[in-house]
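One rule links them: number in the numbering used here = place in the sequence shown (from 1) + 2. To start, the structure itself, in structure tokens.
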Amino acid sequence: MNGNVVLILIAPIAVLLFYKFSYIVAAVVALYFILVYAYPYIRRMMRGKGVVYIEPEALEKQMSDKKDMLMIDLRSSVDFYGMFGHIDGAINLPFEAFMNRMSDTADKLVGFKETPVVIIGLHDEPEVFQAYTALKEKGFFDVSILNYGISRWLKRGLPTVERNVHKD
């Protein structure tokens, strides 16, 4: 079990023992720990059952091995071409456009359903999971989510394509 998860589970118990009879203070502190620390883990576990994640380093290795894949970046165009850029080879398809196109063109992509698809978001926002689910429901076999999105990619110091600079 992850050390953070253990801390999250033990902290409220420790507070209850420390404050013995001050149940209100203990309850408030315990609720704080649950909301701030445990909720993100619980939320991710609940919606992440059966979801396949790819770590940034594994994705970079697949890219350097020239593996065929489709990387779909669901961020807005402003973010995709913005200050932090995007992963080389990723296509920008903001979430709403992605969902509209999925309903229109997914059946035309029969030949590509075995091509690995990596969904990229900013973090682990709900839209990433919705896109993942939509692709799986349309019959795509090899779908994964970039674990913690472009944020983790950048945090690990991996390369991005710089933003577009227009010269006049």
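For glycine and all other residues, C-beta sits at the position ideal for the given N, C-alpha and C. Owing to the predicted nature of the structure, the values given are computational and were not obtained by experimental measurement.
| Asked | Found |
| --- | --- |
| For the candidate residues Leu33, Ile36 and Tyr55, whose alpha-carbon lies nearest to that of Gly123? | Tyr55 |
| Under three-state DSSP, which class holds Val167? | Model confidence at Val167 stands at a pLDDT of 48, short of 50, so the residue's coordinates are unreliable; what they give is reported in the following sentence. Coil at Val167, not helix or strand. |
| In terms of residue numbering, what span does the beta strand (DSSP E) encompassing Leu124 cover? | First-last for Leu124: undefined, no H or E at that position. |
| Would you mind working out which of Pro161, Val120, Phe114 and Asn149 sits nearest Gly141, comparing C-alpha positions? | Phe114 |
| Have a look at Glu57 and Asn149 and give me their C-alpha separation to the nearest angstrom. | 5 Å |
| Roughly how many whole angstroms lie between the Cα atoms of Thr117 and Phe143? | 8 Å |
| Within 10 angstroms of its Cβ, does His125 collect 16 or more other Cβ (buried), or is it exposed? | exposed |
| State the Cα-Cα distance for the pair Val80 and Asp106, rounded to the nearest angstrom. | 25 Å |
| Quick one: what's got a C-beta closer than 8 Å to Val167's C-beta in the same chain, skipping five residues either side? | Residue confidence is low: Val167 scores 48 on pLDDT, short of 50, so the model does not pin down where it sits. No coordinate-derived value is stated. |
| Compare the beta carbon distance of Asp67 and Val163 with 8 Å and say whether it is the shorter of the two. | no |
| What first and last residue would you give for the beta strand (DSSP E) that runs through Val145? | Val145 to Leu148 |
| Let me make sure I understand the geometry here. Which of Met101, Gln132, Arg77 and Tyr34 has the alpha-carbon closest to that of Ser146? | Gln132 |
| Please report the Cβ distance between Leu76 and Phe100, rounded to the nearest whole angstrom; I am assuming they are in contact, meaning their Cβ atoms lie under 8 Å. | 6 Å |
| Per DSSP, what kind of secondary structure is Leu76 in: helix, strand or coil? | coil |
| Give me the DSSP bridge partner(s) of Ile56. | Leu148 |
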